[in-house]
Amino acid sequence: PQLGVVPLDVERSFVMADIPGLIEGAHKGQGLGTRFLKHIERTRILLHLVDISDQSDGHIEKNFKIISDELACFSRKVAEKPTIVVASKIDAASDTQRLASLRKFCSKTNRTLFEISSQTGKGLPELKEGIWGKLQDISKETKLIEKEISDFKTDEKHTPKGGEE
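Numbering-wise, the working numbering puts 122 at position 123 of the sequence shown, and it's gapless, one number per residue.
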């Protein structure tokens, strides 16, 4: 995978890992297989890029399911990571039905969708802010869970043995 720092402004940035496309059977070692799947374990969010250009095969739901199934077969923990769907190459899509289909799929499956063009830069600021917001939400959830665990451990220390108070 390729790692890079994504700057938002002088005070905010995050690290992104570009994991090459997975193929059916990756969890069994097909293609780049588990060598790349192992890197996904360390991420907090998954971005699923969907090529909606005229050169794509147009099987959005089928392709999304293949990737989702590969992640689930590799690790339930990975499959349950928060996912943001990104419609890429919107500048190269003359068939508006592909984007409409992806919007419908994301709405039906309650997934966040961003529409971008790396070529023109359209949608990239919104995507970066969306990722940042999701990372902040995850950090808050993690801190709450850690506090609950800490509070529970503290309560255990102060509870007399035998359940008497």
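Beta carbons: idealized from backbone N, C-alpha and C, even for Gly. If you're wondering where the values come from, they're calculated on a predicted model, not measured in any experiment.
message: Can you look up residue 82 in the DSSP assignment and give me helix, strand or coil?
response: As a first step, residue 82 must be located in the sequence shown, where it is residue number 83. Residue state, collapsed to three classes: strand.
message: Given this structure, state the Cα-to-Cα distance separating residue 61 from residue 134, to the nearest angstrom.
response: As a first step, residue 61 is located in the sequence shown; it is residue number 62 there, counting from the start. As a first step, residue 134 is located in the sequence shown; it is residue number 135 there, counting from the start. Answer to the nearest angstrom: the Cα atoms are 28 Å apart.
- request: Might you give, ordered along the chain, the residues of its own chain that have their beta carbon closer than 6 Å to the beta carbon of residue 74, omitting 5 neighbours on each side?
  value: Along the sequence shown, one-based indexing puts residue 74 at 75. Here the set comprises nothing.
query: Can you name the start and end residues of the alpha helix (DSSP H) that residue 96 belongs to?
result: Within the sequence shown, numbered from 1, the residue matching residue 96 stands at position 97. 95 to 107 is the span of the alpha helix (DSSP H), which, as asked, contains residue 96.
message: Taking the alpha carbon of residue 52 as the reference point, which residue from 99, 103 and 149 has its own alpha carbon closest?
response: Counted from its first residue, the sequence shown places residue 52 at position 53. Comparing Cα positions, the closest option is 99.
field: Collapsed DSSP secondary structure at residue 77 in the structure displayed
entry: For the purposes of this step, residue 77 is taken as residue 78 along the sequence shown, with counting starting at 1. In this structure, residue 77 counts as helix in the three-state DSSP scheme.
message: For residue 94 and residue 116, which I take to be in contact (beta-carbon distance under 8 Å), what is that distance rounded to the nearest angstrom?
response: Against the sequence shown, residue 94 aligns to sequence position 95. Against the sequence shown, residue 116 aligns to sequence position 117. 15 Å between Cβ atoms; not a contact.
Backbone secondary structure at residue 111 - three-state DSSP: Counted from its first residue, the sequence shown places residue 111 at position 112. Reduced to three states, the DSSP call for residue 111 is strand.
According to DSSP, residues forming a beta bridge with residue 129: Here the question's residue 129 lines up with position 130 in the sequence shown. Answer is none; residue 129 lacks a bridge partner.
- prompt: What residues match up with residue 12 in a beta bridge as DSSP calls it?
  reply: Here residue 12 refers to the residue found at position 13 of the sequence shown. In DSSP, residue 12 forms a bridge with 6.
query: When you compare only the Cα positions, how much space is there between residue 128 and residue 7?
result: Translated into positions along the sequence shown, residue 128 becomes position 129. Translated into positions along the sequence shown, residue 7 becomes position 8. The straight-line gap from Cα to Cα measures roughly 8 Å.
- prompt: If you draw a straight line from the C-alpha of residue 103 to the C-alpha of residue 3, how long is it?
  reply: Along the sequence shown, one-based indexing puts residue 103 at 104. Along the sequence shown, one-based indexing puts residue 3 at 4. Straight-line Cα distance between these residues: approximately 31 Å.
message: Does residue 90 come out as helix, strand or coil in the three-state DSSP assignment?
response: As a position in the sequence shown, residue 90 is number 91, starting the count at 1. In the structure shown, residue 90 sits in a helix (DSSP, three-state: H, G or I).
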